[in-house]
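From first to last, the protein sequence lines stand for chains H and G.
Sequential numbering of the first sequence, starting at 0, is according to numbering that gives the first Met the number 0.
Sequential numbering of the second sequence, starting at 0, is according to numbering that gives the first Met the number 0.
Just so you know, even glycine gets a beta-carbon here, dropped at the ideal spot from N, CA and C.
Nothing here was measured: the structure is a model prediction, and the numbers come from that model.
Number of protein chains: 2
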Amino acid sequence: MELGAYLPYLVNRVGQRFIGDMTPVLNEAGVDIQSWRVLIALYQRGGQPVGALSDLTSINFSTLSRVLDRMEKRDLVRRRRDAEDARSFTIELTGNGRSVTEKILPYAAELEAQATGDFSEAELATLRQLLGKLYAGLDGDREQPTDDRLAG
Amino acid sequence: MELGAYLPYLVNRVGQRFIGDMTPVLNEAGVDIQSWRVLIALYQRGGQPVGALSDLTSINFSTLSRVLDRMEKRDLVRRRRDAEDARSFTIELTGNGRSVTEKILPYAAELEAQATGDFSEAELATLRQLLGKLYAGLDGDREQPTDDRLAG
DNA sequence: GACCGAAATTTGCACTTGCAAATAATAAAG
DNA sequence: CTTTATTATTTGCAAGTGCAAATTTCGGTC
Numbered sequence: 000m001e002l003g004a005y006l007p008y009l010v011n012r013v014g015q016r017f018i019g020d021m022t023p024v025l026n027e028a029g030v031d032i033q034s035w036r037v038l039i040a041l042y043q044r045g046g047q048p049v050g051a052l053s054d055l056t057s058i059n060f061s062t063l064s065r066v067l068d069r070m071e072k073r074d075l076v077r078r079r080r081d082a083e084d085a086r087s088f089t090i091e092l093t094g095n096g097r098s099v100t101e102k103i104l105p106y107a108a109e110l111e112a113q114a115t116g117d118f119s120e121a122e123l124a125t126l127r128q129l130l131g132k133l134y135a136g137l138d139g140d141r142e143q144p145t146d147d148r149l150a151g
Numbered sequence: 000m001e002l003g004a005y006l007p008y009l010v011n012r013v014g015q016r017f018i019g020d021m022t023p024v025l026n027e028a029g030v031d032i033q034s035w036r037v038l039i040a041l042y043q044r045g046g047q048p049v050g051a052l053s054d055l056t057s058i059n060f061s062t063l064s065r066v067l068d069r070m071e072k073r074d075l076v077r078r079r080r081d082a083e084d085a086r087s088f089t090i091e092l093t094g095n096g097r098s099v100t101e102k103i104l105p106y107a108a109e110l111e112a113q114a115t116g117d118f119s120e121a122e123l124a125t126l127r128q129l130l131g132k133l134y135a136g137l138d139g140d141r142e143q144p145t146d147d148r149l150a151g
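Below, the structure is given as structure tokens:
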């Protein structure tokens, strides 16, 4: 086994860099990385129960619960009791949450663009597709349908 | 922007899964994820100063210092003062560290194999290459030479 | 050969994390 | 309608984490 060929290594290395490069922008906006993950998930998928949000963001259940505490304090999200099932909350963006997200998004896009400056459209598409396929091949136990939809 | 097309999202999602799937095996061996990262880095690259190890593993400097404390306690690594420069330590695997690593490696390989079961050799090579390229495109500020060598 | 800025590593501190147990609400059965 | 099993979420606790400051050593300069 060669380190530079070991996929978990290659993947997490890139992931860490994305995080490292995003952090200064997020700090300036007073948002931590986990909150940012939640923000984009909600921004694009709309209100979600905590469980779905945990799947969506890969943030641990209990951790997410406390991330939401922070976010609520900073008026980024709101917990609304589900009318159908009172065990469940729907987490939704506040107006402020939406506006903060929209302020950060351009930087996120720019970072991605910078990282993929040397990529052709075809390469980009391939990379996305292969990452999706890789994800699908991991931990097949979890509910596949949901995950597949996410991968789309 | 679509969530499923956003690279940081796709990458970190896969990374989290790799970690999640590896954790049970690591727990059984009494090793945490960070220690595992250090183990494979040392196993493949040999003794390293803390700084290089931090680059190699993407683990924050101060965090790594304490990860090494844990690892030293569990007799996985040893700190040896550099003869040339007494500010620096060379971190090296102990015999036990090597043997623990070799015990875990097959599972790591199996996990990767399982995740990439549907991949052709060509796809695998492409994925690795594109991840390397993506890494290179990120955070161009850091010392490129070192990073490029690592990406090899 | 004492002085000063820079480099390698560690530590203080306040905050974040994940596991497992607790809470709260629903659903199904008797 | 009480009991019991199940699901959604939160919390107690013991670690783990990152930032910024401290420590130790180096290399050059006066």
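When the cut-off is 8 Å and only beta carbons count, does Leu33 of chain G lie next to chain H? The sequence shown places Gln at residue 33 of chain G, rather than the Leu named in the question. No, Gln33 of chain G lies away from the interface with chain H (no Cβ there is under 8 Å from its Cβ).
Within 10 angstroms of the Cβ of Thr115 of chain H, are there 16 or more other Cβ atoms? Answer buried if so, exposed if not. buried
Compare the C-alpha of Thr56 of chain H against each of G:Val37, G:Arg16 and G:Leu25 and name the closest. Answer by Cα proximity: G:Arg16.
For Thr89 of chain G, which of helix, strand or coil comes out of DSSP? Reduced to three states, the DSSP call for Thr89 of chain G is strand.
8 Å Cβ shell around Glu71 of chain H - same chain, five flanking residues per side excluded: So the qualifying residues of the chain are Arg77 and Arg78.
Contained beta strand (DSSP E) runs [length at least 3] in the stretch 36-107 of chain G, N- to C-terminal order: If we require 3 residues or more, the beta strand (DSSP E) runs fully inside the stretch 36-107 of chain G come out as 76-80 and 88-92.
Look up Thr22 of chain H in the DSSP assignment and say whether it is helix, strand or coil. Note: Thr22 of chain H maps to helix in three-state DSSP.
Quick check: is the beta carbon of Phe17 of chain G nearer than 8 Å to any beta carbon in chain H? yes
Are there 16 or more other CB atoms within 10 angstroms of the CB of Phe88 of chain H, so buried, or fewer, so exposed? buried
Using a threshold of 8 Å, state whether the C-beta atoms of Val37 of chain H and Leu25 of chain H are closer than that. no
Name, going along the chain, the residues of the stretch 81-106 of chain H whose beta-carbon falls closer than 9 Å to a beta-carbon of chain G. Leu104
Three-state class that DSSP yields for Ser119 of chain H in the structure shown: Ser119 of chain H falls in the coil class under three-state DSSP.
Quick test of your reading: Asp9 of chain G and Arg127 of chain H, contact by CB under 8 Å. State the CB separation rounded to the nearest angstrom. According to the sequence shown, residue 9 of chain G is Leu rather than Asp. Yes, Leu9 of chain G and Arg127 of chain H are in contact; Cβ-Cβ is about 6 Å, under 8 Å.
Cβ closer than 8 Å: which chain H residues qualify as neighbours of Thr125 of chain G? Those are Thr125 and Leu129, listed as they occur along chain H.
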